[in-house]
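Visitor:
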Amino acid sequence: MLKTFSKGGIHPPENKLTSAKDIKRLPAPKVVYVPIAQHIGIPAEIIVDRKDKVEIGQVIAKSGGFVSSNIHSPVAGTVTKLDMIIDSSGYKKQCIVIRTDAKNETNFQEIDYPLKKEIDLEPAEIVKRISDFGIVGLGGATFPSHVKLNVKEDKKMDCLIINGVECEPYLTADHRLMLEKGEEIVVGIKILMKALHVNKAIIGIEDNKHDAVELFKRLTANEKQIQVAALQVKYPQGGEKQLISAILDREVPKNGLPMDVGVVVNNVGTVFAIYEAIQHNKPLIERVVTVTGKKLKNPSNFWVKIGTPIKDLIEEVGGMPEGTRKIINGGPMMGKAIKNTDVPVTKGTSGILIVDEDEACRGEVKNCIRCGECVNVCPMGLEPHLLMNLSEKGMYEKAAQEDIMTCIECGSCSYVCPSNRPLLDYIRFGKNITKQLASSKN
Amino acid sequence: MNESILNSVLLLVSLGAVTALVLYIVSKKFYVYEDPLIAVVDDILPGANCAGCGSPGCKSFAEKLVGTEDISDLFCPVGGNEVMKLVAETLGKEVSEKDPTVAVVRCQGSCEVRPKTTEYQGPKSCAISAMIYSGETDCQYGCLGDGDCVTACKFDAMFMDETTGLPVVITDKCTSCGMCVEACPRDIIEMRPKNKRDLKVFVGCLNEEKGGIAKKACSVACIGCSKCEDVCPKDAITMVNNLAYIDPEYCTLCRKCVPVCPTHSIIETNFPPRKEKKVVKEKKVVAEPSGEVKSVNLTKDA
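These protein sequence lines are chains A and B, in that order.
So the first sequence is numbered by this note's numbering: it starts at 1044 and just counts up by one.
So the second sequence is numbered by this note's numbering: it starts at 60 and just counts up by one.
1) So who's on the other strand from aspartate 220(B), going by DSSP bridges?
2) Along the beta strand (DSSP E) that carries glutamine 1137(A), what are the first and last residues, could you check?
3) Residues in its own chain within less than 7 Å of methionine 181(B) by CB, not counting five upstream and five downstream?
4) Put proline 1279(A) into one of helix, strand or coil per three-state DSSP.
5) Name the chain E residues whose beta carbon is nearer than 7 Å to that of isoleucine 191(B)?
6) What are the start and end residues of the alpha helix (DSSP H) that includes isoleucine 370(B)?
7) Any idea if valine 85(B) is buried or exposed, counting beta-carbon neighbours within 10 angstroms, 16 or more meaning buried?
8) List the residues of chain A that proline 182(B) touches, going by C-beta distances under 8 Å, in chain order.
9) Can you pull the chain A residues whose beta carbon is under 7 Å from the beta carbon of glycine 282(B), in chain order?
10) Taking any Cβ of chain B, which residues in the segment 1473-1485 of chain A have a Cβ under 7 Å from it, in chain order?
11) Mapping DSSP to helix, strand and coil, what is glutamate 1161(A)?
12) How big is the Cα-Cα spacing for proline 1326(A) and lysine 1260(A)?
13) Rounded to the nearest angstrom, what separates valine 161(B) and cysteine 117(B) at their Cα positions?
14) So if I threshold CB-CB distances at 7 Å, which residues from the segment 1392-1408 of chain A count as touching chain B?
15) Alanine 276(B) touches chain A at which residues, Cβ-Cβ below 9 Å?
16) Please go through the same chain and pick out, in chain order, the residues whose beta-carbon is closer than 7 Å to the beta-carbon of proline 1301(A), but skip the five residues on each side of it.
17) Give me, in chain order, the residues of the same chain whose beta-carbon lies closer than 8 Å to that of asparagine 1113(A); leave out the 5 immediate sequence neighbours on both sides.
18) Distance, Cα to Cα, cysteine 135(B) vs cysteine 166(B)?
19) Leaving out five residues on either side along the sequence, give the residues of the same chain with a beta carbon under 8 Å from the beta carbon of isoleucine 1232(A).
20) Tell me the rounded alpha-carbon separation between threonine 234(B) and glycine 139(B).
21) DSSP three-state call for glutamate 327(B): helix, strand or coil?
22) Expressed to the nearest angstrom, what Euclidean distance is found between the alpha-carbon atoms of proline 159(B) and methionine 250(B)?
23) Any residues in the segment 241-261 of chain B with a beta carbon nearer than 7 Å to a beta carbon of chain A? Which ones, in chain order?
24) Name the chain A residues that come within less than 7 Å of threonine 177(B), Cβ to Cβ?
25) Three or more C-beta pairs under 8 Å: does that hold for the segment 1327-1335 of chain A against the segment 1377-1396 of chain A?
26) Just to confirm the assignment, what range does the alpha helix (DSSP H) spanning histidine 1294(A) have?
27) Out of Ser1462(A), Gly1406(A), Asp1197(A), Glu1211(A), point me to the one whose CA is closest to glycine 1183(A)'s CA.
28) Which residues, in chain order, does the segment 196-219 of chain B contribute to contact with chain A at a C-beta distance below 7 Å?
29) What are the boundary residues of the alpha helix (DSSP H) that threonine 1061(A) is part of?
30) Kindly provide the ranges of any beta strand (DSSP E) runs that are 3 or more residues long and lie completely inside the segment 286-332 of chain B, ordered along the chain.
31) Do threonine 210(B) and cysteine 170(B) count as a contact pair if the criterion is CB distance below 8 Å?
32) From the DSSP output, in three-state form, read off aspartate 1126(A) for me.
33) Please list, in chain order, the chain A residues whose beta carbon lies closer than 8 Å to that of alanine 186(B).
34) What is the DSSP secondary structure of methionine 1044(A), counted as helix, strand or coil?
35) May I ask you to verify whether the segment 1370-1387 of chain A touches the segment 1414-1422 of chain A, counting CB pairs closer than 8 Å and requiring at least 3?
36) Just list the residues that DSSP pairs tyrosine 1076(A) with in beta bridges.
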């Protein structure tokens, strides 16, 4: 019996249409739009100006604080303007617009570096470089990686978990990366183990990616410190807390961090980005994006430069199919519909999902029938129906007492609700207000 | 038989007497002094419990009025000056007089002038929609049209106009409690002085984008051209972030700014219709054969 997390969870149809498709490299787009707020925390500060020439990998926006991250130019070219562009948040945000030069120097373009196994840097240097090279969590949350690696002295770390779960339906970016860059990821894991001073790492992979499980078992056959854990397929296993529960059977305390139970979790995409940063001096300027949807002619996985407009990707997979109702940035469960196709790819874009009327539209909202399904499936052990009502009625203090802030916004409750109630919408709203109230109190 | 009636009567009377005694003692022992004025002031207040004054309800506002020395910055927007004057008389304190205000909706982005570019399917609530994205149209400053202000209004003074998709304020019912102002995530609703006969002139737009972008999203958007600012004789109009704002404190309701606005984004309410000028005088420069330039008045039918 394979392991999985203890509470709740659902089994949405997997729809992994692109799991057998190689990751294709796209030519650099003519113009890139690089938002300065691509990570959780303080937005970066722009340090280039109009008409400046920039090189690939040059820092164009500097980290604005500890929980923040540098942003590097994904192309060589000229800054044409500093503009406000609608990004995946649905609002206009500050962007650096760069027109690519015709030649576009190839310092970082080729992906196939020779594998480099020796790790020369010391732990402190590793963390510094991860911070300098703008690495953030590529699983979707875009939490700056160096913050996770700055372990407080009173915390005792004993295990590094690598997240190769990819529990979101449709997405295959991590799966393909694991298959194509397995050896590099293993080196990346060693880099992280060195930085964290731990001597145990476990790679968690769901069993629907059997080829990846086999590959990593083979690659780590001689590595005693690195284990592979094949996991039962269940959403949202890719959530940090769920993954720790599944692999180590430890529960992260309420309002706590994985650090509190001696664990750091990193996504395989992040591990690969760290490998490239440490071994090949390459900052985070591109990522794997799955462009998928049932009606698409040719759904694929791509290496995409940060800042590429999404419309370029849609063209690459055969254009927008007729009857498209929604374009989602991310997967169908946690992704967010975007406002137009000019929205650029950011560090957190793991997939672009194009859905039609049948999949996109919400059903008619009916009354709660007290079936308790939402409570059954909540992986955090909350009562979504209660939280929704509290937040709808404006009882935010009570909602905070009912642990609204521990919700991971996985959307399982909305998915199972037979009355189509917008549970997550209201919970998210309640969380927002609770956060505001808390910050206004301080 | 008489005896049984007598017994029960006696029993009940003694029971009543004992209970009355207990109640009397308790009420004396645990008596809390409350200023009788509070009840009087509470009676004067409108009793709407709208929280427009900042207190949770009329009773607590009455307590505040009685309890504080200087009540000049406390005001009941629903009762207005009349009620405050009565309160002042009762308490023997000074109150400040305020011009009555009324809510105005500073957005004219109906479906016609502000085309929808996306469709929102989430819960019908402006607050949630604003949290998710910038709205169904390309204007990220305008009305979201889900009616949070109408829900917040406790006086039935607002409704959603179905043809325009915008909220409408019924000025007679509006008590300017300010609940709608708080409910609107876009700060579209403003409390402006009611003036005589409810005459108002204000900018019906909040779009801070540059002119071209604003106009593309909405044909009645303020494009920040400053024409109104130039024409205003009282310097009541300021331009901040490509957006005009008419300060009600200086505005004399002369309406000179209304016709000069190229996008018609300045709203005037309850004014009598303008007298149409039959003859428009136009100055035209005509070059004389002698080379002298002379100004001539030409008359043309409008």
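All C-beta atoms, glycine included, are put in the ideal place defined by N, C-alpha and C.
Quantities reported herein were computed from a predicted structural model and do not represent experimental measurements.
Guide: In this structure, then:
1) Sequence index remark: in the second sequence, residue 220(B) carries index 161 (1-based). Paired residue(s): Leu225(B).
2) Residue mapping note: residue 1137(A) aligns to position 94 of the first sequence, counting from 1. Segment 1135-1143, the beta strand (DSSP E) holding glutamine 1137(A).
3) Taking the second sequence and counting its residues from 1, the one referred to as residue 181(B) is at position 122. In the sequence as presented, methionine is not what sits at residue 181(B); that position holds glycine. Excluding sequence neighbours, glycine 181(B) sits near Ile187, Ser188, Ile191.
4) Indexing the first sequence from 1 puts residue 1279(A) at position 236. Proline 1279(A) sits in coil when the DSSP states are folded into three classes, being neither helix nor strand.
5) The question asks about chain E, but that chain is absent: this structure's protein chains are A and B.
6) It is not possible to answer for residue 370(B), since the shown part of chain B is limited to 60 through 361.
7) As a position in the second sequence, residue 85(B) is number 26, starting the count at 1. The residue is exposed, with fewer than 16 neighbouring Cβ atoms inside 10 Å.
8) Taking the first residue of the second sequence as position 1, residue 182(B) is located at position 123. Per Cβ cutoff of 8 Å: Val1408, Pro1465, Asp1468, Tyr1469.
9) The residue labelled residue 282(B) in the question sits at position 223 within the second sequence. Checking the displayed sequence, the identity of residue 282(B) turns out to be isoleucine instead of glycine. Under the 7 Å cutoff, chain A gives no residues; its nearest Cβ is about 17 Å from isoleucine 282(B).
10) Contact residues of the segment 1473-1485 of chain A toward chain B are Asn1475 (C-beta to C-beta distance below 7 Å).
11) Within the first sequence, the letter at position 118 stands for residue 1161(A). In the three-state reduction of the DSSP assignment, glutamate 1161(A) falls in the coil class, being assigned neither a helical nor a strand state.
12) Against the first sequence, residue 1326(A) aligns to sequence position 283. Against the first sequence, residue 1260(A) aligns to sequence position 217. The straight-line gap from Cα to Cα measures roughly 29 Å.
13) Walking along the second sequence from the start, residue 161(B) turns up at place 102. Walking along the second sequence from the start, residue 117(B) turns up at place 58. Cα-Cα distance, rounded: 20 Å.
14) Those residues of the segment 1392-1408 of chain A that come within reach of chain B (Cβ to Cβ, closer than 7 Å) are Cys1404, Arg1405.
15) Position 217 of the second sequence, counting from 1, holds the residue named residue 276(B). Going along chain A, no residue has its Cβ under 9 Å from alanine 276(B), so there is no contact; the nearest lies around 11 Å.
16) Numbered from its first residue, the first sequence carries residue 1301(A) at position 258. Contacts found: Glu1283, Ile1287, Val1295, Val1307, Val1308.
17) The count along the first sequence starts at 1 and reaches residue 1113(A) at position 70. Excluding its 5 nearest sequence neighbours in each direction, asparagine 1113(A) has C-beta neighbours in its own chain below 8 Å: Ala1087, Val1102, Ala1104, Lys1105, Ser1106, Ser1174, Asp1175, Phe1176, Gly1177, Pro1326, listed in chain order.
18) Against the second sequence, residue 135(B) aligns to sequence position 76. Against the second sequence, residue 166(B) aligns to sequence position 107. In a straight line, the C-alpha of cysteine 135(B) is about 27 Å away from that of cysteine 166(B).
19) Residue numbering aside, residue 1232(A) sits at position 189 when the first sequence is read from its first letter. Excluding positions up to five away in sequence, the list reads Leu1203, Ile1205, Ala1244, Ile1246, Ile1269, Val1314.
20) Taking the first residue of the second sequence as 1, we reach residue 234(B) at position 175. Taking the first residue of the second sequence as 1, we reach residue 139(B) at position 80. Approximately 8 Å between the Cα atoms of the pair.
21) Locating residue 327(B) in the second sequence gives position 268, counting from the first residue. Three-state result, glutamate 327(B): strand.
22) Position 100 of the second sequence, counting from 1, holds the residue named residue 159(B). Position 191 of the second sequence, counting from 1, holds the residue named residue 250(B). Looking at the two C-alpha atoms, the distance is approximately 9 Å.
23) Listed in sequence order: no entries.
24) Here residue 177(B) refers to the residue found at position 118 of the second sequence. For a Cβ distance threshold of 7 Å, residue set Lys1382 of chain A lies close to threonine 177(B), ordered along the chain.
25) Because the criterion of three Cβ pairs below 8 Å is met, the segment 1327-1335 of chain A and the segment 1377-1396 of chain A touch.
26) Along the first sequence, one-based indexing puts residue 1294(A) at 251. Checking the sequence, you will find glutamate at residue 1294(A) rather than histidine. Bounds of any alpha helix (DSSP H) do not take in glutamate 1294(A), whose DSSP letter is neither H nor E.
27) Your numbering for residue 1183(A) matches position 140 in the first sequence. Ranking Ser1462(A), Gly1406(A), Asp1197(A), Glu1211(A) by Cα distance to glycine 1183(A) puts Glu1211(A) first.
28) For the segment 196-219 of chain B, which is checked against every Cβ of chain A, the residues closer than 7 Å are Gln199.
29) Stepping through the first sequence from its first residue, residue 1061(A) is reached at position 18. No alpha helix (DSSP H) contains threonine 1061(A), which DSSP labels as neither H nor E.
30) Annotation: the segment 286-332 of chain B contains the following complete segments of the beta strand (DSSP E) (minimum length 3 residues), in chain order: 296-299, 302-305, 325-328.
31) Translated into positions along the second sequence, residue 170(B) becomes position 111. Translated into positions along the second sequence, residue 210(B) becomes position 151. Their beta carbons are not under 8 Å apart, which means cysteine 170(B) does not touch threonine 210(B) by this criterion.
32) Mapped onto the first sequence, residue 1126(A) falls at position 83. Aspartate 1126(A) falls in the strand class under three-state DSSP.
33) Here residue 186(B) refers to the residue found at position 127 when the second sequence is read from its first residue. Neighbours of alanine 186(B) on chain A, chain order: Phe1472.
34) Numbered from its first residue, the first sequence carries residue 1044(A) at position 1. Reduced to three states, the DSSP call for methionine 1044(A) is coil.
35) Judged by Cβ distances under 8 Å, the segment 1370-1387 of chain A makes no contact with the segment 1414-1422 of chain A, as fewer than three pairs qualify.
36) The sequence position of residue 1076(A) within the first sequence is 33, counting from 1. Looking at the DSSP output, tyrosine 1076(A) shares a beta bridge with Val1140(A).
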